[in-house]
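Chemist:
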Amino acid sequence: MASERKQQILETLAHMLENPRREKITTAALAAKLEVSEAALYRHFANKAQMFEGLIEFIEASIFGVINKIMTDEPDGAKQVQLIVTMLLKFAEKNPGMTRVLIGDALVNEEHHLQTRINMLYDRVEASLKQSLKIAVASSGNNVLPEAQANLLLCFVIGRWHQFAKSGFKRKPTDLLTGQLERLI
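Residue 148 in the working numbering sits at position 145 of the sequence shown, and the numbers go up by one each step.
(1) State the Cα-Cα distance for the pair L180 and R163, rounded to the nearest angstrom.
(2) Using only alpha-carbon positions, find the residue among A64, L187, I87, L13 that is nearest to A151.
(3) If you scan the segment 25 to 59 from start to end, which runs of the alpha helix (DSSP H) of 4 or more residues do you find wholly inside it?
(4) Is it true that the CB of L20 sits closer than 8 Å to the CB of A34?
(5) Could you tell me the distance, in whole angstroms, from the CA atom of K93 to the CA atom of P176?
(6) From P23, A109, V88, pick the residue whose C-alpha is nearest to that of A130; which is it?
(7) Leaving out five residues on either side along the sequence, give the residues of the same chain with a beta carbon under 8 Å from the beta carbon of Q85.
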């Protein structure tokens, strides 16, 4: 029951983050949405930062679970890159509240270590893209610098996440993706 309540709290927080007006989420507002007292929230999480850490853990598990599967199942490096970028954009599209966490928008008034953790997530994604690009370069003989290309792709993804969030979740990250990926990879 405790883990179910924790999950419910995190799901409600993520849902509240989907509000396009980007209002600051307080524990009082979260408790009211759940129809519980703030004390009930603190039985499951020591503070709001721990709630955001729970969301970041969900994001990391989801994203890197799929990235690892792609890298294991797909031998073609260029195809790996295409699948990873597409997955990152589709993840944001399906999880608008999580997109606000990924771009740091939801973390602005929170503890600094949360943004540091998101930055580390970016570094891991970029490292995965670089690894796939090295495979692609080795098999194609293309004269691309994997480090530079991986950074460009990460910047593209983050930019599309920002555009999605700042548009009030109207401009989908996957719009025009096919034509753009052809030029980026």
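Idealized CB from N, CA, C, for every residue including glycine.
It should be emphasised that the depicted structure is a prediction, and the values quoted were computed from it without experimental measurement.
Modeler: Taking the definition as stated:
(1) 10 Å
(2) L187
(3) 30 to 37, 41 to 45
(4) no
(5) 7 Å
(6) V88
(7) L184, I188
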